[in-house]
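Working notes for the structure below.
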Amino acid sequence: MSRVVRVLALLSVAAGVLWAWAGARARQAQPNIVLVSIDSLRADHVGAYGYPRDTSPTIDGLARDGVLFEQAFSSAPWTIPAHMSLLTGLPPELHRVESRASKLSPDAVTLAEVLRDAGYTTAGIVSGPTVMGRYGFDQGFTSYDESMVEKRPARVANAVTSPGLVRLVDAFLTRWHDGGRAQPFFLFLHMWDVHYDYAPPDTYVRRFDPDYTGGLDARDLEHNTRLNARMDARDLQHLVALYDGEIRYTDDHLAQVVARLRTLGVLDDTILVVTADHGDEFFEHGQKGHAKTLYDEVLHVPLVVRYPRRIAAGQRVAEQVRATDVAPTILGLAGVAATPGFGAPGLAREHRSLDLTPYVAGAPPRPGLPALPAFSTTRWLGGRQNALRTAGAKLIRYQPPLPHRAGIEVFDLGADPGEQTNLHGSMRDQFLATLTPRLEDWASDASRQTTHALALAPAPEQDARLRALGYVE
Ligand SMILES: [Zn+2]
Numbered sequence: 002m003s004r005v006v007r008v009l010a011l012l013s014v015a016a017g018v019l020w021a022w023a024g025a026r027a028r029q030a031q032p033n034i035v036l037v038s039i040d041s042l043r044a045d046h047v048g049a050y051g052y053p054r055d056t057s058p059t060i061d062g063l064a065r066d067g068v069l070f071e072q073a074f075s076s077a078p079w080t081i082p083a084h085m086s087l088l089t090g091l092p093p094e095l096h097r098v099e100s101r102a103s104k105l106s107p108d109a110v111t112l113a114e115v116l117r118d119a120g121y122t123t124a125g126i127v128s129g130p131t132v133m134g135r136y137g138f139d140q141g142f143t144s145y146d147e148s149m150v151e152k153r154p155a156r157v158a159n160a161v162t163s164p165g166l167v168r169l170v171d172a173f174l175t176r177w178h179d180g181g182r183a184q185p186f187f188l189f190l191h192m193w194d195v196h197y198d199y200a201p202p203d204t205y206v207r208r209f210d211p212d213y214t215g216g217l218d219a220r221d222l223e224h225n226t227r228l229n230a231r232m233d234a235r236d237l238q239h240l241v242a243l244y245d246g247e248i249r250y251t252d253d254h255l256a257q258v259v260a261r262l263r264t265l266g267v268l269d270d271t272i273l274v275v276t277a278d279h280g281d282e283f284f285e286h287g288q289k290g291h292a293k294t295l296y297d298e299v300l301h302v303p304l305v306v307r308y309p310r311r312i313a314a315g316q317r318v319a320e321q322v323r324a325t326d327v328a329p330t331i332l333g334l335a336g337v338a339a340t341p342g343f344g345a346p347g348l349a350r351e352h353r354s355l356d357l358t359p360y361v362a363g364a365p366p367r368p369g370l371p372a373l374p375a376f377s378t379t380r381w382l383g384g385r386q387n388a389l390r391t392a393g394a395k396l397i398r399y400q401p402p403l404p405h406r407a408g409i410e411v412f413d414l415g416a417d418p419g420e421q422t423n424l425h426g427s428m429r430d431q432f433l434a435t436l437t438p439r440l441e442d443w444a445s446d447a448s449r450q451t452t453h454a455l456a457l458a459p460a461p462e463q464d465a466r467l468r469a470l471g472y473v474e
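If you read the sequence shown in the working numbering, its first letter stands for residue 2, the second for the next number, and so on.
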């Protein structure tokens with residue numbers, strides 16, 4: 002080999018090493034991502050959303066450090082379809098994972114897959130039976146830990162999982178650190194304890210209602226007939242206080258996760274998102290729990306993002322956003338380009354999920370958010386419900402109509418934020434004529450797109466757990 006060739010070869014090797022080093026540097030420069038979903042946490046019971054009880058000091062602190070979306074809405078009022086929308090950016094009409102009998106198709110592109118392909122180590126740690134890998138939630142995750150999911154159907158509603166979750170997060174972060182922090186991580190953390198039954202540990206039972214002397218038995222919420230729309234008002238107050246106790250208990254454990262990130266020195270290099278899959282209702286419209294209606298108490302969720310490298314502290318976004326916007330926004334904040342096929346690029350622009358990064362990150366002036374329509378859907382008592390929510394009004398359509406209920410409901414959210422007065426058929430309904438064609442446009446646009454569900458074989462043990470929670474009709 003001539004001297005010139007040897008020098009060239011050496012140079013080439015050196016260039017390769019440099020290239021690899023630069024690549025590794027670039028990868029390390031990518032932020033970590035922690036997406037926390039607190040199951041069943043309605044926005045209006047969070048301090049940062051104006052709740053008078055001190056239920057959520059940790060979430061409130063994250064909101065002060067980052068951005069809080071005041072009007073964030075889920076695309077479904079129960080765990081399976083709502084989480085699938087969160088993790089894919091797809092509405093239920095397209096991911097079609099809406100029951101225990103369906104699983105996400107591998108053809109769909111998940112947030113975890115996009116991040117894994119971009120060099121992330123991806124980990125899911127979940128604690129409820131409705132977020133298990135069998136429904137496709139594990140698609141794209143390097144590891145997916147379901148060990149905290151309660152196996153006994155009779156115990157699943159009362160399972161206490163937060164301390165175990167914190168230990169698993171701790172172990173994951175320790176492994177990542179001991180492994181030399183070779184890759185950025187994406188951690189999806191699903192926290193189950195706020196989900197009914199509302200049975201927090203003792204100190205949290207009395208925390209928000211120390212004077213209660215009644216004998217309320219809140220166990221087995223979904224099947225407990227004493228918990229009904231005509232129950233004693235004082236007992237109902239206590240039921241809500243128990244729910245709030247669960248929120249504080251979970252928030253106190255979220256604090257430990259945040260503290261661990263801070264101790265490792267990575268908190269500010271981490272995009273930390275806290276949200277929920279849906280809320281719960283306390284007979285505002287005659288029901289308890291969730292999955293049965295499309296009113297705001299089950300669709301309005303908290304959404305807080307802390308990432309001081311790009312998001313200035315203390316922002317509050319008043320415009321409406323959707324759960325389907327979370328995944329593209331995480332990618333936008335991380336600077337990761339979406340894999341072709343991610344989201345639903347075939348949908349009309351006004352129906353697609355939106356990367357909110359340009360509206361909240363970087364230096365002002367920033368553009369104002371467009372008016373985003375929020376669509377949501379559920380099935381209950383054999384019927385389909387569809388809703389369109391705008392900033393000022395909501396249309397809910399029931400197909401077929403439920404017994405003793407109107408088939409169409411229209412609410413003026415400005416005058417009636419509690420959705421108590423159905424304007425349909427009245428002279429005051431100035432909304433139906435504009436909302437109906439928009440809901441129909443949405444249905445017809447969605448029906449033209451590729452859907453992403455596979456049929457799932459029956460699993461009696463899993464079905465028993467879902468039945469215990471009231472999810473199987
Ligand atoms: Zn849920």
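We put the CB at the ideal spot given by N, CA and C, even for glycine. These figures come from a predicted structure and were not determined experimentally.
query                                                                                                                                  : result
Cβ distance (whole Å) where residue 396 is taken to contact residue 389 below 8 Å                                                      : 5 Å
Rounded straight-line distance, which links the Cα of residue 344 to that of residue 256                                               : 32 Å
Three-way DSSP call (helix, strand, coil) for residue 173 in this model                                                                : helix
Contacts around residue 412, its chain only, beta-carbon distance under 6 Å, and the 5 residues preceding and following it disregarded : 395 and 420
N- and C-terminal bounds of the alpha helix (DSSP H) containing residue 243                                                            : 234-264
Exposure label - residue 428; buried when at least 16 CB within 10 Å                                                                   : exposed
Close Cβ partners of residue 47 (< 7 Å) along its chain, the five nearest in sequence each way excluded                                : 56, 57, 60 and 303
Cβ neighbour criterion (16 or more within 10 Å) applied to residue 383                                                                 : exposed
Cβ pair residue 94, residue 447 closer than 7 Å                                                                                        : yes
Ligand 1 heavy atom lying under 6 Å from the CB of residue 41                                                                          : yes
Closer than 6 Å: residue 80 CB and nearest ligand 1 heavy atom                                                                         : yes
Coil, strand or helix - residue 18 by DSSP                                                                                             : Residue placement at residue 18 is flagged as unreliable, the pLDDT there being 44, under the threshold of 50; the coordinate-derived value follows with that caveat. Residue 18 falls in the helix class under three-state DSSP.
Residue 70 and residue 123 closer than 7 Å at C-beta                                                                                   : no
Exposure of residue 179, with buried meaning 16 or more beta-carbon neighbours within 10 Å                                             : exposed
Contact test: residue 278 Cβ vs ligand 1 heavy atom, cutoff 6 Å                                                                        : yes
Ordered list of alpha helix (DSSP H) runs contained in the segment 80-157, each at least 4 residues                                    : 80-89, 93-96 and 112-118
Check: residue 446 C-beta below 6 Å from any heavy atom of ligand 3                                                                    : Among the ligands modelled here, namely ligand 1, ligand 3 does not occur.
Within 7 Å, strictly: CB atoms of residue 273 and residue 307                                                                          : yes
Strand pairing of residue 413, partner residues [DSSP]                                                                                 : 394
The alpha helix (DSSP H) enclosing residue 1, as first and last residue numbers                                                        : For the chain, the structure presents residues 2 to 474; residue 1 sits outside this window and is missing.
Span of the alpha helix (DSSP H), counted from its first residue to its last, around residue 60                                        : 58-66
Assigned exposure category for residue 467 - 16 Cβ within 10 Å defines buried                                                          : buried
Proximity winner among 330, 171, 258 and 41, relative to residue 68 (alpha-carbon distances)                                           : 330
Option nearest residue 136 by Cα separation, candidates 215, 250, 111 and 154                                                          : 111
Under the three-state DSSP convention, the category residue 469 falls into                                                             : helix
Bridge partners - residue 1, DSSP secondary structure assignment                                                                       : Examination of residue 1 is not possible in this model, given that the chain is present from 2 through 474 alone.
Exposed unless 16 or more other CB atoms sit within 10 angstroms - verdict on residue 393                                              : exposed
Integer-rounded CB distance, given that residue 370 should sit under 8 Å from residue 318                                              : 7 Å
Continuous beta strand (DSSP E) stretch holding residue 271: start and end                                                             : 271-276
C-beta contact flag for residue 104 and residue 373 at 7 Å                                                                             : no
Proximal residues to residue 334 (C-beta, below 7 Å), its chain only, five neighbours per side dropped                                 : 272, 308, 311, 358 and 362
Cβ neighbours of residue 252 in the same chain (closer than 7 Å, five flanking residues each side left out)                            : 56, 57, 58, 59 and 60
Boundaries (first-last residue) of the beta strand (DSSP E) holding residue 320                                                        : 316-323
Where residue 260 falls, given that 16 or more other Cβ within 10 Å makes a residue buried                                             : exposed
Span of the beta strand (DSSP E), counted from its first residue to its last, around residue 439                                       : Not the beta strand (DSSP E): residue 439 falls in the alpha helix (DSSP H), residues 433-448.
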